[in-house]
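Inspection log for the structure reproduced underneath, given as C-alpha cells.
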Amino acid sequence: MKNLVQSYRILSENVHIFNSLFGYQIILIMFHFGIEVVNGLNSIFISFVISDVQSYYGYILLGSACVFIVMMHNLLIIIIPIHSTMQEGRRFVDLFGKLQEEVSEGSCESKSLLKWATISQQYVPDFSAAVESTTWFLTNMNFRRSIKDINFIKYLFLFLNLPLVTPWYDFDRQSSYKPKLQKAYGMILMSGALLRLIYMKIGLKNVGYITNLSISENFTWSCANVILTLITCLAIFRSCFLDVGKWKMIFTNLRCIDKSLKNVGKDETYVLRNFYLIFFLKQLVFFVAICVGQYVWASLMHLSILKVIIVTCVFECYYEFFLITVINALVQSFKSRYQNLNHRVLVVFQETKTVQKWRALAQDYRILGETVDVFNEMFGWQIVLMMFHFGLEMVSTLYFNFRVLVGKGKADLIGRLGNFGLWIWMLCNFLSIVLPIHDIHKESRKFIGLLYKMQDYFEEGSMEMGALNRLISYSKNFAPKFNGAGFFSINRAIIFSVLANVGMYVVIMFQIDYSEVN
Numbered sequence: 001m002k003n004l005v006q007s008y009r010i011l012s013e014n015v016h017i018f019n020s021l022f023g024y025q026i027i028l029i030m031f032h033f034g035i036e037v038v039n040g041l042n043s044i045f046i047s048f049v050i051s052d053v054q055s056y057y058g059y060i061l062l063g064s065a066c067v068f069i070v071m072m073h074n075l076l077i078i079i080i081p082i083h084s085t086m087q088e089g090r091r092f093v094d095l096f097g098k099l100q101e102e103v104s105e106g107s108c109e110s111k112s113l114l115k116w117a118t119i120s121q122q123y124v125p126d127f128s129a130a131v132e133s134t135t136w137f138l139t140n141m142n143f144r145r146s147i148k149d150i151n152f153i154k155y156l157f158l159f160l161n162l163p164l165v166t167p168w169y170d171f172d173r174q175s176s177y178k179p180k181l182q183k184a185y186g187m188i189l190m191s192g193a194l195l196r197l198i199y200m201k202i203g204l205k206n207v208g209y210i211t212n213l214s215i216s217e218n219f220t221w222s223c224a225n226v227i228l229t230l231i232t233c234l235a236i237f238r239s240c241f242l243d244v245g246k247w248k249m250i251f252t253n254l255r256c257i258d259k260s261l262k263n264v265g266k267d268e269t270y271v272l273r274n275f276y277l278i279f280f281l282k283q284l285v286f287f288v289a290i291c292v293g294q295y296v297w298a299s300l301m302h303l304s305i306l307k308v309i310i311v312t313c314v315f316e317c318y319y320e321f322f323l324i325t326v327i328n329a330l331v332q333s334f335k336s337r338y339q340n341l342n343h344r345v346l347v348v349f350q351e352t353k354t355v356q357k358w359r360a361l362a363q364d365y366r367i368l369g370e371t372v373d374v375f376n377e378m379f380g381w382q383i384v385l386m387m388f389h390f391g392l393e394m395v396s397t398l399y400f401n402f403r404v405l406v407g408k409g410k411a412d413l414i415g416r417l418g419n420f421g422l423w424i425w426m427l428c429n430f431l432s433i434v435l436p437i438h439d440i441h442k443e444s445r446k447f448i449g450l451l452y453k454m455q456d457y458f459e460e461g462s463m464e465m466g467a468l469n470r471l472i473s474y475s476k477n478f479a480p481k482f483n484g485a486g487f488f489s490i491n492r493a494i495i496f497s498v499l500a501n502v503g504m505y506v507v508i509m510f511q512i513d514y515s516e517v518n
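So the sequence shown is numbered by the UniProt record's numbering: it starts at 1 and just counts up by one.
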C-alpha cells in the first residue's frame, strides 16, 4: 500500500511540473480556439449578407465547418484526457473509503487505510494550479448536473456574470465577491445602454425607412427600444445594487430542500433533458435569428451591418434572452422540487405513517412557497416589462404581415419569414415563463390533495387525522403565488388575455393608419 501511495504522489508532482511547463500555452490555445470559432461564424454571416460574396457561400460554409471541426478536435484531445486523469485521481482516494467499509471500525487495517487516504488526499492531481480559473473551469465543469440539484445553475451564473445579468456570486463560499468593481462595471454597462438609445434616436433621424413609418409603427418601434433598454438597465441595476442577499436566500432555501429530498449531486441521465444542451441549442437558434434580423434591417434601412448593430437593440435583445433563461431555470427548479415533494409524500406514506415525516414535508413545502415570494420580489418588474414587450412585438409583427398581405407594405421573402419568426420567438419566450408556472400551481395543489387523500386511511378523531388537518391548514398558507410586481397573477389564463389584447391592438393600429391616410 505504501508503494502505491508513493507512486500516486510522484504522479501528482509530475502534474505540477506539467502545469508550470504548459499552463500559459494552454490558455493561449484556448483563446485561439475561441477566436477561430467566432471568425468562422462571422465569415458565414458576412457571406450570407454581402451580395458580392454570396456566390462563394457554399465554399465559405464548408471551409468554416472544417475549421470548426479541427478546432473542436484539438480542444477535446486536451480537455478529455485531463478530465479523465482528474477523475481517476479522485477515484484512487475514494477507493480507500470503500475499503474501510469492508474492515471493522477501529481496527489496525481501518486506521492504516484512513492514514493513507489522508496522505493521498493531499496529492490529488490538480491541473488548475498554473492556469488558474481557465483550466479549472474546463477540467472541473459538470454540465450533466440535474436541475434537481440547485448547483446546476453555477455555470450559467459564471457565464452571465460577464453581462451582469446575474451578480458575482461564489457558490462555494456562498457569498458575493468584488462588489465595488461589480458596481463600477454595472454603471459602465448601464451608461452604454442609455447612450446607445440616444444615439439610435439621433442616428436614425434621417433614415428614409424610419421617416416613412406610420404613426402606429413609429410608436411601437420607439416603445420596443425603450422597454428593451429598461429591461437591460433594470437587470444590471438589480444584480449590482439590490438582490445579492435575495439570491443567497434562494440558493440557501433550495439547498436545504435538496438535502431533505436527497437530490444533492444528482446528474441528468437523459441527454435531451440536459439544461446546458438545451441552452446551447437555444443560443444557436437565437444567434441565427439575430443574423437574419440584422440582414432584414440592413436591407430596409440601406445601412452597413455595423451601423445596424449599433442603432438596433441587438445587445438588449441578448439581455432579455439571458434574463428569460435565468427565470426559466429557476422556475423549472421550483417545478422539479414540487414534483419531487409530491413523490416523496407517497413514498413516506407507504414506508411509515409517523407525524414527524409528514411535518418535515410540510416544512419543505413552506420553504418553497417562501422562495417563490422572494423570486417575485426579484423578477416582478422585469416580468411586467417583458410581458409588455412580448405583446408589443407580437402586435408589431402581425400588423406588418397583414399590411404585406393586403398590399400596403413591401417586404421580400426573407423579411416576411424573419418577421413571422420573430412573432413565433416572442410567443415561445412568453410560453416558456407562463406554462412552467402553471405546472407549479398544479403540483402545489396536488400536494394538498395528497394530504386530503391520506385522511381516508385513518379514523375520525385519531391523532393522525388531527395532525393531517393541521398540516393541510398550515400548507395552504404557503401555496406558491407568482405575480408580476403585484399587478397581475401569472397563470395559464394570461395567455388568452395577451393574445386577445394583441388582436385588438392590431385592429386599432389599422384604424389609426386609415385615419392618418384620410
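For glycine and all other residues, C-beta sits at the position ideal for the given N, C-alpha and C.
No experiment lies behind these values; they were computed from the predicted model shown.
What's the gap between the Cα of residue 543 and the Cα of S112? The structure shown has nothing for residue 543, since the chain only spans 1 to 518.
Can you round the beta-carbon distance between residue 519 and I227 to whole angstroms, since I take them to be within the 8 Å contact cut? With the chain covering 1 to 518 only, the question about residue 519 has no answer from this structure.
Looking at C-beta atoms only, is the number of pairs between the region 289-304 and the region 260-272 that lie closer than 8 Å three or more? no
Taking its Cβ as the centre, do 16 or more other Cβ atoms sit within 10 Å of M463, making it buried, or is it exposed? Taking the first residue of the sequence shown as position 1, residue 463 is located at position 463. Looking at its Cβ environment, which holds fewer than 16 other Cβ atoms inside 10 Å, M463 is exposed.
Close Cβ partners of I495 (< 8 Å) along its chain, the five nearest in sequence each way excluded: Within the sequence shown, the letter at position 495 stands for residue 495. Hits under 8 Å: F430, L431, V434.
Drop a sphere of 10 angstroms on the beta-carbon of S175, count the other beta-carbons inside from all chains shown, and report buried for 16 or more, exposed for fewer. Counted from its first residue, the sequence shown places residue 175 at position 175. Exposed, because fewer than 16 other Cβ atoms sit within 10 Å of the Cβ of S175.
By the three-class DSSP mapping on this structure, what secondary structure does N3 have? By 1-based counting over the sequence shown, the position of residue 3 is 3. Helix.
When you compare each of M30, A224, D149, D94 to F390 by their alpha carbons, which one comes out closest? Working through the sequence shown from its first residue, we reach residue 390 at position 390. Considering only alpha carbons, the answer is A224.
Below 8 Å on the Cβ atoms is my contact criterion, and I expect F447 with L346 to pass it. Report the Cβ-Cβ distance as a whole number of Å. One-based indexing of the sequence shown puts residue 447 at position 447. One-based indexing of the sequence shown puts residue 346 at position 346. That pair is no contact at about 11 Å.
Sequence-distant residues of the same chain with beta carbon closer than 7 Å to N161, five excluded per side: By one-based count along the sequence shown, residue 161 stands at place 161. Only W168 meet the Cβ criterion.
Quickly, what does DSSP pair Y338 with across the bridge? List them, please. The residue given as residue 338 occupies position 338 in the sequence shown. Note: Y338 sits in no beta bridge, so no partner.
R173 by DSSP, collapsed to three states: which one? Mapped onto the sequence shown, residue 173 falls at position 173. If DSSP states are grouped into helix, strand and coil, R173 belongs with coil.
For C313, report the span of its alpha helix (DSSP H) as first-last. In the sequence shown, residue 313 corresponds to position 313, counting from 1. Careful: C313 lies outside any alpha helix (DSSP H) and carries neither H nor E.
The alpha helix (DSSP H) spanning A467 covers which residue range? Start at 1 with the first residue of the sequence shown, and residue 467 comes out as number 467. From DSSP, the alpha helix (DSSP H) with A467 extends over 463-476.
Candidates E36, I82, F31: which alpha carbon is nearest H16's? Here residue 16 is taken as the residue at index 16 of the sequence shown, counted from 1. The option with the nearest alpha carbon to H16 is I82.
Contact under 8 Å by Cβ, N376 with F280: Walking along the sequence shown from the start, residue 376 turns up at place 376. Walking along the sequence shown from the start, residue 280 turns up at place 280. Cβ distance not < 8 Å, so N376 and F280 don't count as in contact.
Contact under 8 Å by Cβ, T166 with S84: By one-based count along the sequence shown, residue 166 stands at place 166. By one-based count along the sequence shown, residue 84 stands at place 84. Not closer than 8 Å, so no.
If you drop the 5 nearest sequence neighbours on each side, which residues of the same chain put their C-beta closer than 8 Å to that of V502? Taking the first residue of the sequence shown as 1, we reach residue 502 at position 502. Closer than 8 Å at the Cβ level, and outside the excluded window around V502, lie G391, M394, V395, L398.
Delimiting residues of the alpha helix (DSSP H) encompassing G245: Within the sequence shown, the letter at position 245 stands for residue 245. Here the alpha helix (DSSP H) through G245 covers 244-261.
Do the region 193-201 and the region 309-324 touch if we need at least three Cβ pairs shorter than 8 Å? yes
Continuous alpha helix (DSSP H) stretch holding Q283: start and end: Mapped onto the sequence shown, residue 283 falls at position 283. Q283 -> alpha helix (DSSP H) spans 275-301.
Residue from G192, G449, N491 with nearest C-alpha to I437: The residue given as residue 437 occupies position 437 in the sequence shown. The candidate whose alpha carbon is nearest that of I437 is N491.
N- and C-terminal bounds of the alpha helix (DSSP H) containing E217: Residue numbering aside, residue 217 sits at position 217 when the sequence shown is read from its first letter. E217 -> alpha helix (DSSP H) spans 215-237.
Short of 6 Å in beta carbon distance, which residues of its chain neighbour S260, apart from the five on each side in sequence? Order them along the chain. Here residue 260 corresponds to residue number 260 of the sequence shown, with the count starting at 1. Excluding positions up to five away in sequence, the list reads D364.
Considering Cα atoms alone, identify which of L242, T232, L300 is closest to E179. To locate residue 179, count along the sequence shown from 1; it is residue 179. The displayed chain sequence assigns Pro, not Glu, to residue 179. When only C-alpha atoms are compared, the closest one is L242.
In terms of alpha-carbon separation, which member of F171, Y318, L468, I202 lies closest to F286? Here residue 286 refers to the residue found at position 286 of the sequence shown. F286 has its Cα closest to that of Y318, out of F171, Y318, L468, I202.
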